[in-house]
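Q: Residue numbers (my numbering), protein chains in the order written: chain A, 8 to 519; chain B, 8 to 519.
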DNA sequence: CGGGCTGTTGAGGAGCGTCAACCCGTGTGG
DNA sequence: CCACACGGGTTGACGCTCCTCAACAGCCCG
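Next up, the structure:
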């Protein structure tokens, strides 16, 4: 391998590269010199192989520039990327010190420059310098834990979750709770997919799902992480564990331990544990969310019927129903007053026929019946939510108001879709206009209540942005391609409800 | 953790334990003493935890007796076994030297005795003794490669393959090419399943599939590896790679690199690579196998129709068809003479209608048509095989004869099943008797040809054993439970054909 | 301008996990 | 002593996830 034409580095340059690396940072001059003498620069063109399975490891590599991949080829000829290696990283140490032949191939993804250090010299230095040997031990042990974590993740997490995790680790560890973080994928999506352990198709679909859910925005190789959504997502879905002892999730590279990553997109999870104590505000949040779900179900049903993002709609509908019923149980347990309990019962009674309609394959002939059934159960759920709000609680009313906005967002999308399917345009338009006015009014009231709350303000700004987008899409009803606009309305209303849910949580936290 | 009532070892005993371990085998007396002073014995009852996620690692553990598991609990509360730790093994080093909190839980599966060495003392010794530090580095690096291999295996191999691999690694690395190797599972099947990364149900089914395929025999926690079958299996299914550079497959514990493990049970694989050079004897083997597959398809179809091992039958039928068609392509490319080519075309023509019948759901009314279609295409395939045998090749004729036995074995089972389903008993009985006589005669000729070939003789002995079993089952036609005997005939004929396939390969190798 | 490469989308299917029922051997308490 | 529960193991039914295959759109490059 080392038999290649090279334009070598000077000793000075080599030593500088060595010192820049944490493994050799604090090395005696003598040893640095020895390593530098045993090192040489090697250039690799795109696609060239650095080593192959079965070869004997005789050198350590430091990436000076470029990008490399370690891959393993399975019996069927499928190649799996084990590692993407970026400048500054060291590799080859494992096989060198394990004294085993390479079990993977390594090649350059793009033109790359490596510094190769002869194994014998390295072994001498390691044997002589306890500091280096200690660093090496720590490095090997740490890497072992990372790979092990990856192994565990790989079978306990779904593809979508692993994609999220990869993106977060790629962002260097998300910090901000709002705003967006841009990351650029370090390689083609195919390579990344293989690195994560899925097919390119699955990776593509995962990115689409996450984008539909409003967690990210994808533009070519740039991915914009929507921090508020992601934080919410992490919080809501990872509730099962004991606080403070969540299972560690390793990042894909030089990563720290982060919070958990959830099972399902948009599962505003409700802890399953019986007898959990839930704060009054949390109850309002949950009750209010039921209204939203009822609207979202109708929206999903209509999307399915009209072939708008059918894959996504199917999932949304199923998850909405499941979440609604789970939450309903919780609410039944938590009814604090007779009034609340009665409202809960009424909602429950109206829910059954509504659910029945939802489960039929969407047909235009059912649209009217769904319309009225939906309105009926929605009214009941709205009354129920109010019944859970104690009249004297200022915070409670705010949470209710904010929570109601979620419902309105879905309701607008619902009317938009109904208008195209069996319900007279004038009715829909009238309701749509009224709902829009109500939403805008309430939003300004919420903003007013959020002054002097910077995080809340930031979140409401995000809401406003999404709201403007949705409004544009609603206005564009007469565009050339009706269906494309339905997709936009569906997606943006979905993103809006996500932002709103985050906002409601913040209002809920306000009391604490 | 170390705050436990213990009956400690004497210093002498402790030092003996240390010295027995390869990490500390060649350690200066002084250091041994230091470690021994820092060590203490701790006993754990069944189920007791040694450490938990999140705790700080402060000791190294050596297992003196018992069995422990390292497990990781996923967000959903599912526990995955990362490692089963047996006496003599060292653990805890990784977390100790990575200086990270434990990312897994560790507990005793059965009552266990550990020697715990305080981390500080160990770190001092490692810093002072380059020999220990070198061993540790090699150990960590080696383990890292093993885990990485496991990661790769986990997504490139199916559950069944991983089970095979685990069993092989558990046997300490299969050596014998014939006979059987007994292994005892070190823990409950649930734990093993989790260790391999599948559910208990899947593990159970995998063992059953492997047993049905004749690769193993399971009896409680004892598993008997059928070495001949396994060797064959490995050889036939792992053919895709370049010879001598197959991708490494790590064992699950203290394991060496072994040969590849195949994709499918019973895929007497044919390399897909175009332009591969195939020896004349190999061609005869393949052509002869086509006959067998035709009979096996009928057998599977009848099994399906009669509900005999339906799950297994389904797989057999599908795989047989797929293999037949793959092999047919190879044969078409390799037709050496006009005669062979013509025979190939005829077979191909008769194959289509036969395949059509097979793809229908098995019904008794179709049995007759299948019967005759099967006989027709079988005759063609038999002529075709003969056409591939050059008349002057003694070896070629032997391979043909041996290969034909495979077909006969399936043919007998076929007649047995037909007899119960729509075809007059007297026809079936006549054919069955004739086939049995032919099989016995040919077998003795093969045995005669195998004198002075010990491996071949051993294999033919195995064949004879299976043959006797099959004969017993065929005779037991009048037993109380007809269906149970069909199961036995189906299974034992399956095992017989496996043994025969191994024998044919040996005949094929004879020329080399 | 055609051809290759990357990425996306849809349809269909294989594999495996989940749920539920059941069997069996073992321990436990009346 | 039996009744019973319990945990390990097996089996069947069913569905979800992800892979496979195929078609296609956009893009760069010769």
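Every residue gets a Cβ at the ideal spot worked out from N, C-alpha and C, and that includes glycine.
Following the continuous beta strand (DSSP E) through residue 73/A, name the residue where it begins and the one where it ends.
A: Against the first chain, residue 73/A aligns to sequence position 66. From DSSP, the beta strand (DSSP E) with residue 73/A extends over 66-80.
Q: What does the alpha-carbon distance come out to for the pair residue 467/B and residue 236/B?
A: By one-based count along the second chain, residue 467/B stands at place 460. By one-based count along the second chain, residue 236/B stands at place 229. Looking at the two C-alpha atoms, the distance is approximately 13 Å.
Q: In chain B, what lies closer than 7 Å to residue 240/A by C-beta?
A: Along the first chain, one-based indexing puts residue 240/A at 233. Neighbours of residue 240/A on chain B: none; closest Cβ ~13 Å, over 7 Å.
Q: Give a yes or no on contact between the region 404-415 of chain B and the region 337-356 of chain B, applying the rule of three or more CB pairs nearer than 8 Å.
A: No, because fewer than three Cβ pairs between the region 404-415 of chain B and the region 337-356 of chain B fall closer than 8 Å, the two stretches do not touch.
Q: Closest by CA to residue 439/A, which one among 496/A, 402/A and 456/A?
A: Sequence index remark: in the first chain, residue 439/A carries index 432 (1-based). Of the candidates 496/A, 402/A and 456/A, the one whose C-alpha sits nearest the C-alpha of residue 439/A is 496/A.
Q: So which residues of chain B does residue 144/A contact, with C-beta pairs closer than 8 Å?
A: Counting from one through the first chain, the residue named residue 144/A turns up at place 137. The answer, in chain order, is 104, 133, 140, 143, 144 and 147.
Q: Along the chain, where does the alpha helix (DSSP H) containing residue 345/A start, and where does it finish?
A: On the first chain, residue 345/A is found 338 positions in, with the first residue counted as 1. Residues 345-366.
Q: Is residue 15/A helix, strand or coil by DSSP?
A: Position 8 of the first chain, counted from the first residue, corresponds to residue 15/A. Coil, per DSSP.
Q: Run through the region 416-476 of chain A for me and flag every whole alpha helix (DSSP H) of 4 or more residues, listed as ranges in chain order.
A: 432-456, all fully within the region 416-476 of chain A.
Q: Taking residue 137/A as the query, report the chain B residues whose CB atoms sit under 9 Å from its CB, ordered along the chain.
A: Here residue 137/A is taken as the residue at index 130 of the first chain, counted from 1. Under the 9 Å cutoff, chain B gives 133, 134, 135, 137 and 140.
Q: Assign residue 510/B to one of two classes, buried (16 or more other C-beta atoms within 10 Å of its C-beta) or exposed (fewer than that).
A: For this step, residue 510/B is matched to residue 503 along the second chain. Residue 510/B comes out buried.
Q: Could you please tell me which residues of the region 161-181 of chain A, in chain order, have their CB closer than 7 Å to any CB of chain B?
A: Here the close residues are 161, 162 and 163.
Q: At a Cβ cut of 8 Å, what residues of the region 203-229 of chain B count as close to chain A, listed as they run along the chain?
A: Within the region 203-229 of chain B, the residues whose Cβ lies closer than 8 Å to some Cβ of chain A are 204, listed in chain order.
Q: Counting only Cβ pairs nearer than 9 Å, list the residues of chain B close to residue 101/A.
A: In the first chain, residue 101/A corresponds to position 94, counting from 1. What residue 101/A touches in chain B: 147, 148, 149, 151, 152 and 155.
Q: Short of 9 Å Cβ to Cβ, which residues in the region 469-480 of chain B face chain A?
A: Listed in sequence order: no entries.
Q: Examine chain B for any beta-carbon lying closer than 8 Å to the beta-carbon of residue 520/A, and answer yes or no.
A: Since the displayed chain A opens at 8 and closes at 519, residue 520/A lies outside it and no answer follows.
Q: Taking the continuous beta strand (DSSP E) assigned at residue 88/B, which residues delimit it?
A: By 1-based counting over the second chain, the position of residue 88/B is 81. Looking at the DSSP string, the run of the beta strand (DSSP E) that includes residue 88/B is 86-92.
Q: Please report the distance separating the alpha-carbon of residue 2/B from that of residue 118/B.
A: Past the edges of chain B, shown from 8 to 519, lies residue 2/B, and the structure says nothing about it.
Q: Within 8 Å of any Cβ in chain A, is that where the Cβ of residue 107/B sits?
A: Walking along the second chain from the start, residue 107/B turns up at place 100. Closer than 8 Å: yes.
Q: Whose CA, out of 199/B, 501/B, 514/B and 37/B, lies closest to the CA of residue 461/B?
A: One-based indexing of the second chain puts residue 461/B at position 454. Checked all of 199/B, 501/B, 514/B and 37/B; the closest Cα to residue 461/B is 514/B.
Q: Among all the DSSP beta bridges, which residues are the ones paired with residue 217/B?
A: In the second chain, the residue the question calls residue 217/B occupies position 210. Answer is none; residue 217/B lacks a bridge partner.
Q: Along chain B, in chain order, which residues have C-beta atoms closer than 9 Å to that of residue 424/A?
A: If you number the first chain from 1, residue 424/A lands on position 417. Neighbours of residue 424/A on chain B: none; closest Cβ ~35 Å, over 9 Å.
Q: What's the gap between the Cα of residue 308/B and the Cα of residue 315/B?
A: Translated into the one-based positions of the second chain, residue 308/B becomes position 301. Translated into the one-based positions of the second chain, residue 315/B becomes position 308. Whole-angstrom Cα-Cα distance: 10 Å.
Q: Taking only the alpha-carbon atoms, compute the straight-line gap between residue 277/B and residue 90/A and give it to the nearest angstrom.
A: Here residue 277/B refers to the residue found at position 270 of the second chain. Here residue 90/A refers to the residue found at position 83 of the first chain. Because the pLDDT at residue 277/B is just 38, under 50, the model does not fix this residue reliably, and the value given afterwards should be weighed accordingly. The straight-line gap from Cα to Cα measures roughly 32 Å.
Q: Using the beta-carbon count (16 or more within 10 Å), is residue 105/A buried or exposed?
A: If you number the first chain from 1, residue 105/A lands on position 98. By the 10 Å Cβ count, residue 105/A comes out buried.
Q: Where does residue 109/B sit, in a helix, a strand or coil, going by DSSP?
A: Here residue 109/B corresponds to residue number 102 of the second chain, with the count starting at 1. Coil at residue 109/B, not helix or strand.
Q: Counting only C-beta atoms, is residue 57/B closer than 8 Å to chain A at any point?
A: For the purposes of this step, residue 57/B is taken as the residue at position 50 of the second chain. Not an interface residue.
Q: Helix, strand or coil for residue 205/B per DSSP?
A: Taking the second chain and counting its residues from 1, the one referred to as residue 205/B is at position 198. Note: residue 205/B maps to coil in three-state DSSP.
Q: When you compare each of 69/A, 401/A and 220/A to residue 94/A by their alpha carbons, which one comes out closest?
A: Along the first chain, one-based indexing puts residue 94/A at 87. Looking at the Cα atoms, 69/A is the closest of the given residues.
Q: Quick check: what's the CA-CA separation for residue 418/B versus residue 436/B?
A: Position 411 of the second chain, counted from the first residue, corresponds to residue 418/B. Position 429 of the second chain, counted from the first residue, corresponds to residue 436/B. Taking the straight line from one Cα to the other gives about 12 Å.
Q: I'd like to know whether the C-beta of residue 110/A is nearer than 8 Å to at least one C-beta of chain B.
A: The residue given as residue 110/A occupies position 103 in the first chain. By this cut-off, residue 110/A is an interface position.
Q: Opposite residue 480/A in the DSSP bridges: which residues?
A: Position 473 of the first chain, counting from 1, holds the residue named residue 480/A. DSSP, once it has assigned bridges, lists no residue as partnering residue 480/A.
Q: Using the Cα positions of residue 66/A and residue 158/A, report the straight-line distance between them to the nearest angstrom.
A: Along the first chain, one-based indexing puts residue 66/A at 59. Along the first chain, one-based indexing puts residue 158/A at 151. Looking at the two C-alpha atoms, the distance is approximately 27 Å.
Q: Given that a residue counts as buried once 16 or more other Cβ atoms are within 10 Å of its Cβ, and exposed if not, what is residue 126/A?
A: Taking the first chain and counting its residues from 1, one reaches residue 126/A at position 119. Its Cβ being crowded by 16 or more others within 10 Å, residue 126/A is buried.
Q: Taking C-beta pairs closer than 8 Å, name the residues in chain A that residue 158/B reaches, listed in chain order.
A: For the purposes of this step, residue 158/B is taken as the residue at position 151 of the second chain. Correct list: 89, 154, 157, 158 and 161.
Q: Assuming residue 103/A contacts residue 64/A under a Cβ cut-off of 8 Å, what Cβ separation, rounded to an integer in Å, is found between them?
A: As a working mapping, residue 103/A is identified with position 96 in the first chain. As a working mapping, residue 64/A is identified with position 57 in the first chain. Their Cβ separation, rounded to whole angstroms, is 5 Å, which keeps residue 103/A and residue 64/A in contact under 8 Å.
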